[in-house]
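Chemist: I have a structure here, written as structure tokens, and I will follow up with some questions on it.
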Amino acid sequence: MKLRILVADDHEIVRRGLCALLQKHEGWEVCGEASDGRQAIEMAKQLKPDVVILDIGMPNLNGLDTTRQLLQYDPHFKIVVLTITDADQVIREALDAGARGFVLKSDASRDLVSAVEALQSKRMFFTPRVNDLVLRGFLDKGHAVSRNEPPDLPVLTAREREVTQLLAEGKSSKEVASLLNLSTKTVETHRSNIMRKLSLHSIRDLVVYAIKNNIIQIQMPLPTNHTTESTVV
Amino acid sequence: MAVRILLVDDHPVVRQGLRTLLDGRSQLEVVGEASDGIEAVEKVMELRPDVVVLDITMPRMSGIEACRLIQQKAPGREVLFVTQHDSPQMMREALAAGARGYVVKSNLARDLVEAVEAVSQHREFTALARNPRTES
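Residue numbers (the numbering used here), protein chains in the order written: chain A, 49 to 281; chain B, 15 to 150.
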């Protein structure tokens, strides 16, 4: 039986590169390609892939929330996240969301196959920096990378995070409602709850919150290697 | 004779993606790859490709600067930019640096082969995401 892999990234040229990498490996096949998180969830439920590869910075639903939702639906999904940055906070969130593999996009041609192999044999795969962070957390319990270390911010529900992303991407309440199959009124209620919980006063504040918390990533050229700082606003 | 192509992008996975679009076309041949502007200029001198497919934002030396150097040091190459900068201003700068083509990455699957063929015949090919492509 072939190992079936679902690939989700919003850049077609990157998806093509990823698929070419994966398909060279004997015994693996790409069973589906998605261009955002919502599509990835639909396809994963339908295709039941053995491994799901998710870009973190996708529109409509980012890779971290996609990971959370997929694992809530079925905790057996094996997920590798692809990221343009290995900033501590992104690593923490990815681990916390339940990803078992963490690969930098710039290193994907070297690491992706290893990551999928690791997951295939029920191990995990992380970049050296993630390993360092986890080890440091383990050795220094005061700053542990623990599952129970919430950010200082009030926690949004999964639905509220989805709404936050869509609003921060510039969609109107009506557009959000149609995307999520909700009434406009419900979306507006979510929106005012989000603003209240986070003590925000404008959509502009919401966008800043979404960027700072990795809910959206600014659309810009793929950063060059070793300049991950440039992606953080 | 096949058109000889050099692929330049700092992300190997993107270069791999570009290859998949060009592979299997007998009239197009990828002769080499480079991962930044400096390496691009070196490889151009060494391999003398007909077309250089060039990313803009790269470490060490940007594609724009590499393009200027390539025109200076090895005239006769045609440069096609592939970039995520969906901006008319950047496109003007790129063409002013001596490039013959400019395609945004989101359109590559549709446009790359046609763009490479156009510039290899010394025709201009530009395509921004918002604007329809133009060829002259």
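From the three backbone atoms N, C-alpha and C, an ideal C-beta is built for every residue, glycine too.
#1: Please work out which residues of its chain come closer than 6 Å, Cβ to Cβ, to B/ALA113, disregarding the five sequence neighbours upstream and downstream, and give them in chain order.
#2: Going straight from the alpha carbon of A/ALA145 to that of B/GLN30, what length do you get?
#3: Would you say A/GLU60 reaches chain B, if we count a Cβ-Cβ gap shorter than 8 Å as a contact?
#4: Assuming B/ILE19 and B/VAL44 form a contact by the criterion Cβ under 8 Å, report the distance between their Cβ atoms to the nearest whole angstrom.
#5: Can you grab the Cα-Cα spacing for the pair A/LEU70 / A/GLN117, in whole Å?
#6: Would you identify the three-state DSSP class for A/PHE173, choosing helix, strand or coil?
#7: Taking a contact to mean a Cβ-Cβ separation below 8 Å, would you say A/GLU81 touches A/ARG52 in this structure?
#8: Please confirm whether A/ALA88 has its beta-carbon closer than 8 Å to some beta-carbon of chain B.
#9: Please report the distance separating the alpha-carbon of A/ILE139 from that of B/SER40.
#10: Name the chain B residues that come within less than 8 Å of A/ALA68, Cβ to Cβ?
#11: What residues match up with B/THR95 in a beta bridge as DSSP calls it?
#12: Report the start-end ranges of each alpha helix (DSSP H) in the stretch 127 to 170 of chain A that is 4 residues or longer and not cut off at the edges.
#13: How would you list, in chain order, the residues of chain B whose beta-carbon sits under 9 Å from the beta-carbon of A/SER154?
#14: So that I know if they touch, is there some Cβ in chain B lying closer than 8 Å to that of A/ARG244?
#15: So with CB distances below 8 Å, who are the chain E contacts of B/LEU122?
#16: Is A/THR115 near the ligand FAD, in the sense that its beta carbon is under 7 Å from a heavy atom of that ligand?
#17: Please list, in chain order, all residues of the same chain as A/VAL193 whose beta carbon is under 7 Å from its beta carbon, the five residues on each side excluded.
#18: Helix, strand or coil: which one does DSSP assign to A/GLY65?
#19: Between the Cα of A/LYS126 and the Cα atoms of A/ALA135, A/ASN108, A/PHE150 and A/LEU109, which residue gives the shortest distance?
#20: So, are the CB atoms of A/LEU215 and A/VAL203 less than 8 Å apart?
#21: May I ask you to list the residues that DSSP assigns as paired with B/LEU20?
Modeler: The answer reads as follows:
#1: Your numbering for residue 113 of chain B matches position 99 in the second sequence. Taken in chain order, the residues that qualify are CYS81, VAL93 and PHE95.
#2: Locating residue 145 of chain A in the first sequence gives position 97, counting from the first residue. Locating residue 30 of chain B in the second sequence gives position 16, counting from the first residue. Approximately 29 Å, taken between the alpha carbons.
#3: Counted from its first residue, the first sequence places residue 60 of chain A at position 12. Yes, because at least one Cβ of chain B sits closer than 8 Å to the Cβ of A/GLU60.
#4: Reading the second sequence from its first residue, position 5 is the one you call residue 19 of chain B. Reading the second sequence from its first residue, position 30 is the one you call residue 44 of chain B. So it is a contact: roughly 5 Å between Cβ atoms.
#5: Along the first sequence, read from residue 1 onward, the residue named residue 70 of chain A stands at position 22. Along the first sequence, read from residue 1 onward, the residue named residue 117 of chain A stands at position 69. So the alpha carbons of these two residues sit roughly 25 Å apart.
#6: Within the first sequence, numbered from 1, the residue matching residue 173 of chain A stands at position 125. It is a strand residue.
#7: By one-based count along the first sequence, residue 81 of chain A stands at place 33. By one-based count along the first sequence, residue 52 of chain A stands at place 4. Cβ distance not < 8 Å, so A/GLU81 and A/ARG52 don't count as in contact.
#8: To locate residue 88 of chain A, count along the first sequence from 1; it is residue 40. No, no contact with chain B.
#9: The sequence position of residue 139 of chain A within the first sequence is 91, counting from 1. The sequence position of residue 40 of chain B within the second sequence is 26, counting from 1. Between A/ILE139 and B/SER40, the C-alpha separation is close to 44 Å.
#10: On the first sequence, residue 68 of chain A is found 20 positions in, with the first residue counted as 1. Per Cβ cutoff of 8 Å: GLN30, GLY31, ARG33 and THR34.
#11: For this step, residue 95 of chain B is matched to residue 81 along the second sequence. It should be pointed out that residue 95 of chain B corresponds to Phe in this sequence rather than to Thr. In DSSP, B/PHE95 forms a bridge with B/LEU68 and B/TYR116.
#12: 136 to 145 and 156 to 168
#13: Residue 154 of chain A sits at position 106 when you count from the first residue of the first sequence. Chain B residues near A/SER154: ASP24, HIS25, PRO26 and VAL27.
#14: Here residue 244 of chain A corresponds to residue number 196 of the first sequence, with the count starting at 1. No - not a single Cβ of chain B is within 8 Å of the one on A/ARG244.
#15: Of the chains in the structure shown, none is chain E; the protein chains are A and B.
#16: This structure simply doesn't include the ligand FAD, nor any ligand for that matter.
#17: Within the first sequence, the letter at position 145 stands for residue 193 of chain A. In this predicted model, A/VAL193 has a pLDDT of only 48, less than 50, meaning its place in the structure is not dependable enough to derive any value.
#18: On the first sequence, position 17 is the one that residue 65 of chain A refers to. A/GLY65: helix per DSSP, three-state reduction.
#19: Within the first sequence, numbered from 1, the residue matching residue 126 of chain A stands at position 78. Checked all of A/ALA135, A/ASN108, A/PHE150 and A/LEU109; the closest Cα to A/LYS126 is A/PHE150.
#20: One-based indexing of the first sequence puts residue 215 of chain A at position 167. One-based indexing of the first sequence puts residue 203 of chain A at position 155. Result no, Cβ atoms of A/LEU215 and A/VAL203 do not sit closer than 8 Å.
#21: As a position in the second sequence, residue 20 of chain B is number 6, starting the count at 1. Answer by DSSP bridge pairing, in chain order: B/GLY46 and B/VAL66.
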